Amino acid sequence: MIMEGWDMMKNNVLRNKNFLLLWMGNSVSVLGNRFYNIAIMWYIIETTGSSIALGLSVLCFTIPSVLVMPFVGVLADRNIKKYLLVFSDMINGCIMLAIALFMFFEELPIYLLYLLMIASSLVSAFFSPAIGATIPLIVGKENLPKANSFMQVTNQLSNIIGPALAGILIAVTNMWLLFLINGISFIISAFSEMFLAIPKVDIDHVKRKFYLQFQEGFTYVLRYKKLLHLIIVGGIIINFFLAPLNVFITVLCNQILKVGASGMGIVDAAISVGALSGSLIILLNIMKDRVKMVIFGLSIEGIALLISGVFPESYIALLIFAFILGIGVSMASVGIGTLYQTMVPENKMGRVGSLLSTLSTFIVPFGTMFGSFIINYLSISWILNVSGILVTLAGLSLIITFRKNRGHAADNLSV
Numbered sequence: 043m044i045m046e047g048w049d050m051m052k053n054n055v056l057r058n059k060n061f062l063l064l065w066m067g068n069s070v071s072v073l074g075n076r077f078y079n080i081a082i083m084w085y086i087i088e089t090t091g092s093s094i095a096l097g098l099s100v101l102c103f104t105i106p107s108v109l110v111m112p113f114v115g116v117l118a119d120r121n122i123k124k125y126l127l128v129f130s131d132m133i134n135g136c137i138m139l140a141i142a143l144f145m146f147f148e149e150l151p152i153y154l155l156y157l158l159m160i161a162s163s164l165v166s167a168f169f170s171p172a173i174g175a176t177i178p179l180i181v182g183k184e185n186l187p188k189a190n191s192f193m194q195v196t197n198q199l200s201n202i203i204g205p206a207l208a209g210i211l212i213a214v215t216n217m218w219l220l221f222l223i224n225g226i227s228f229i230i231s232a233f234s235e236m237f238l239a240i241p242k243v244d245i246d247h248v249k250r251k252f253y254l255q256f257q258e259g260f261t262y263v264l265r266y267k268k269l270l271h272l273i274i275v276g277g278i279i280i281n282f283f284l285a286p287l288n289v290f291i292t293v294l295c296n297q298i299l300k301v302g303a304s305g306m307g308i309v310d311a312a313i314s315v316g317a318l319s320g321s322l323i324i325l326l327n328i329m330k331d332r333v334k335m336v337i338f339g340l341s342i343e344g345i346a347l348l349i350s351g352v353f354p355e356s357y358i359a360l361l362i363f364a365f366i367l368g369i370g371v372s373m374a375s376v377g378i379g380t381l382y383q384t385m386v387p388e389n390k391m392g393r394v395g396s397l398l399s400t401l402s403t404f405i406v407p408f409g410t411m412f413g414s415f416i417i418n419y420l421s422i423s424w425i426l427n428v429s430g431i432l433v434t435l436a437g438l439s440l441i442i443t444f445r446k447n448r449g450h451a452a453d454n455l456s457v
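See the structure below:
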């Protein structure tokens, strides 16, 4: 059964030239981005010594993208997806090369670094809805789980390998080299995307005014209860409760378990290994039902939170929690992404996808702030237990919605 699933995956996805071009190019740029994430944080803390400066850098990289992404979704639904992908990667590559050049010749002022980060965030807003709308067109909806899993595998391998390589490079070379590598990785990705042949979709809607097309994305989501429920659960509720996990894990490792930064690094690695395992489970076609995949993923995320809440003084329990959480996050992410790509018409996918990405990203700072505040008043064990129960219930609530409203196009995705 496992070998049969692997053969089907290989035949249907890996032989798709367009997907291979997109996947390989994206893989290179994702690894380069991991270098960038580590390098930017390290440079700012080394230059300023300020945690506030770090916080501002996070805002510079997230808020601009969140603000413009819903509008960019309209463009992603037009037959210019390839140009959006190439444009985004090429401009981002130039921005990273500019940072590398500044650092090579002299110290880069923080204000200028912030401006370049804002520019990168704005440009990156074009990439996410464009790639989300492109994958279903080049692989077909029947191969979406496998294609999305390949993307997820790349992300998790980069999460494991990237920080370690970045740390070594920072220790033995100059900081500018990491930005140079990231810039080159973006340009390689842009070059591979130039050869994509993306099928065209019906573009009659382009003749209508921009704001009407923008409004259609919201109207479509509000009209279909299944999609709305999926976005509320997967994009808002779950992200709100998972956002403060970095804070909770830091508190557990530093104040309760006292395992130090190295111990916390092992926990982060365990999450990535779990996520990689979840992606491989999907690739092997063990769980074919996409709705069940989402419900299972969200439920074991909740169970993982409960494990850490019940045993807050056990490092082994924390590692088990991290591994299980990674599996859940991976399966839920692939499942949610595949469901929305299956439920939404091709000519609306960019707008709906950008709305999902915007809500998912926008809620994270609020979840982080709420978690950072409430941990001062309640025990971390109680917080994790309640979060685990609510996350599990949110996941299970999808069973009710996906058994109702049989009129929607995604009703064949039964539970």
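The number in my numbering is simply the position in the sequence shown, starting from 1, with 42 added.
C-beta atoms are modelled at their ideal positions from N, C-alpha and C, and glycine is treated no differently.
Since the structure is predicted, the reported quantities are computational estimates derived from the model, not experimental observations.
Taking a contact to require three or more Cβ pairs closer than 8 Å, the stretch 320-340 and the stretch 293-309 do not qualify as touching. DSSP, reduced to helix, strand and coil, places Glu235 within a helical segment of the structure shown. Here DSSP, grouped into helix, strand and coil, assigns Tyr382 to helix. In this chain, the alpha helix (DSSP H) harbouring Lys124 covers Lys123 to Phe147. Residues of the same chain with a CB within less than 7 Å of the CB of Thr410, apart from the 5 flanking positions on each side, are Ala285, Pro286 and Val289 in chain order. Excluding its 5 nearest sequence neighbours in each direction, Ala208 has C-beta neighbours in its own chain below 7 Å: Arg76, Phe77, Ile80, Ala81 and Leu220, listed in chain order. In the DSSP assignment, Thr89 falls within the unbroken alpha helix (DSSP H) covering Lys59 to Thr90. Asn418 sits exposed, since fewer than 16 C-beta atoms from the chains shown fall within 10 Å of its C-beta. Comparing alpha carbon positions, the residue from Val165, Leu56 and Cys102 closest to Leu126 is Val165. Within the same chain, and ignoring the five residues on either side of Ser162 in sequence, the residues whose Cβ sits closer than 6 Å to its Cβ are Asn134 and Ile137. Each of Ser170, Ala189 and Phe444 was checked against the Cα of Pro178, and the nearest Cα belongs to Ala189.
In the three-state reduction of the DSSP assignment, Asn216 falls in the coil class, being assigned neither a helical nor a strand state. If you draw a 10 Å sphere on the C-beta of Thr176, you find 16 or more other C-beta atoms in it, and that means buried. For Tyr156, the enclosing alpha helix (DSSP H) has its first and last residue at Ile152 to Val181.
Between the beta-carbon of Phe228 and that of Asp310 there is about 25 Å, and that puts the pair past the 8 Å contact cut. For Arg332, the closest alpha carbon among the candidates Leu440, Leu360, Pro171 and Glu235 is that of Leu440. In the same chain as Val263, and ignoring 5 residues on each side of it, the C-beta atoms closer than 7 Å to its own belong to Leu269, Leu270, Ile273, Val394 and Leu397, in chain order. The way I'd put it, the stretch 426-435 does touch the stretch 345-355; three or more beta-carbon pairs between them come closer than 8 Å. Only exposed fits Asn216, as fewer than 16 other CB atoms lie within 10 angstroms of its CB. Rounded to the nearest whole angstrom, the C-alpha separation of Phe146 and Ile180 is 41 Å. When only Cα atoms are considered, Arg120 and Ala95 end up about 38 Å apart. Excluding its 5 nearest sequence neighbours in each direction, Lys123 has C-beta neighbours in its own chain below 7 Å: Ala172, Ala175, Thr176 and Ile240, listed in chain order. For Glu343, the enclosing alpha helix (DSSP H) starts and ends at Arg332 to Val352. Asn190 sits in a helix when the DSSP states are folded into three classes. Here DSSP, grouped into helix, strand and coil, assigns Pro407 to helix. The Cβ atoms of Cys102 and Tyr156 lie closer than 8 Å to each other. The criterion of a C-beta distance shorter than 8 Å is not satisfied by Ser314 and Gln194. Closest in C-alpha terms to Ile324, from the list Asn58, Trp424, Val428 and Ser375, comes Ser375. Separation of Asn281 and Ile369 (C-alpha to C-alpha, rounded to the nearest whole angstrom) is 16 Å. Per DSSP, reduced to three states, the secondary structure at Glu184 is helical. Inclusion of Thr380 and Pro187 in the CB contact set at 8 Å is warranted, their separation being smaller than that value.
Distance from the CA of Ala232 to the CA of Phe169, rounded to the nearest whole angstrom, comes to 11 Å. Annotation: Ile210 to Trp218 spans about 14 Å, alpha carbon to alpha carbon.
If you draw a 10 Å sphere on the C-beta of Leu318, you find 16 or more other C-beta atoms in it, and that means buried.
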